[in-house]
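Below is one structure, written out as structure tokens, with a few remarks after it.
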Amino acid sequence: MKKIATALILLSTLSLPAMAEVSVTAPWVRATVPAQKSSGAFMRVQSSTKARLVGVSSPAAAQVELHQMEMKDNMMKMGPVDGIDLPAGQGVNLASGGYHIMLTGLKQQLKAGDTVELNLQVEYPSKKREVVTVKVPVKPINFSAPEGAMPAAH
Ligand SMILES: [Cu+2]
412 MKKIATALIL LSTLSLPAMA EVSVTAPWVR ATVPAQKSSG AFMRVQSSTK ARLVGVSSPA
472 AAQVELHQME MKDNMMKMGP VDGIDLPAGQ GVNLASGGYH IMLTGLKQQL KAGDTVELNL
532 QVEYPSKKRE VVTVKVPVKP INFSAPEGAM PAAH
């Protein structure tokens, strides 16, 4: 019996893939005013191996989308994208004015000091998926991230 258990442990150790490391730094989500049903979340995401951010969900919002803001015909336009590439070892900024995470159908007002949980779905070239849960602090409406990020036009 003991032998079998040891063998099983060994097997499960061997079958573990070399887990890619996805790290998130400086996450924040913008506070909302009482009637506001949407907000943006921002962070820097880095994966040690090539990966792609393919979706986000949150218990705080009915829907969460990956958005991109870009200049088109001299107008800032914002819309959903189906994923954001994470090149190996290179951080990708989800910042105001570029890629960001858009929360819509907020279940309650987001107040500075609160925390919102975001579940980032990451897909690897093998099609294997991983969920990275991030506790994101809510920052005041007038908060702007360092690195000269543009104010959000939400
Ligand atoms: Cu947006």
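All letters in the sequence shown, in the order written, are residues 412 to 565 by my numbering. Glycine residues also receive a C-beta, built at the ideal position from the N, C-alpha and C atoms. For clarity, every value in this text was computed on a predicted model and none was experimentally measured.
Identity of the residue in the options nearest residue i by Cα
{"i": "ARG463", "options": "ALA471, GLY508, VAL543", "result": "VAL543"}
{"i": "ARG540", "options": "SER555, LYS461, MET487", "result": "LYS461"}
{"i": "MET480", "options": "PRO536, LYS550, VAL492, ALA473", "result": "VAL492"}
Reduced DSSP secondary structure (H/G/I, E/B, other) of residue i
{"i": "VAL444", "result": "coil"}
{"i": "SER449", "result": "strand"}
{"i": "GLY516", "result": "strand"}
{"i": "ALA471", "result": "coil"}
Cβ-Cβ distance between residue i and residue j below 7 Å
{"i": "THR526", "j": "PRO548", "result": "yes"}
{"i": "VAL545", "j": "VAL433", "result": "no"}
{"i": "LEU529", "j": "VAL467", "result": "yes"}
{"i": "ALA452", "j": "LYS518", "result": "no"}
{"i": "HIS478", "j": "MET513", "result": "yes"}
{"i": "VAL456", "j": "VAL440", "result": "no"}
When you get a sec, list the residues whose CB is within less than 5 Å of any heavy atom of ligand 1, chain order please.
Neighbourhood of ligand 1, defined by CB distance below 5 Å to any of its heavy atoms: HIS478, MET489, MET513, in chain order.
Which parts of the stretch 484-511 are runs of the beta strand (DSSP E), unbroken and 3 residues or longer, counting only runs that do not cross its ends?
The stretch 484-511 is shown to contain whole beta strand (DSSP E) runs of 3 or more residues at 486-491, 495-497, 503-505, in chain order.
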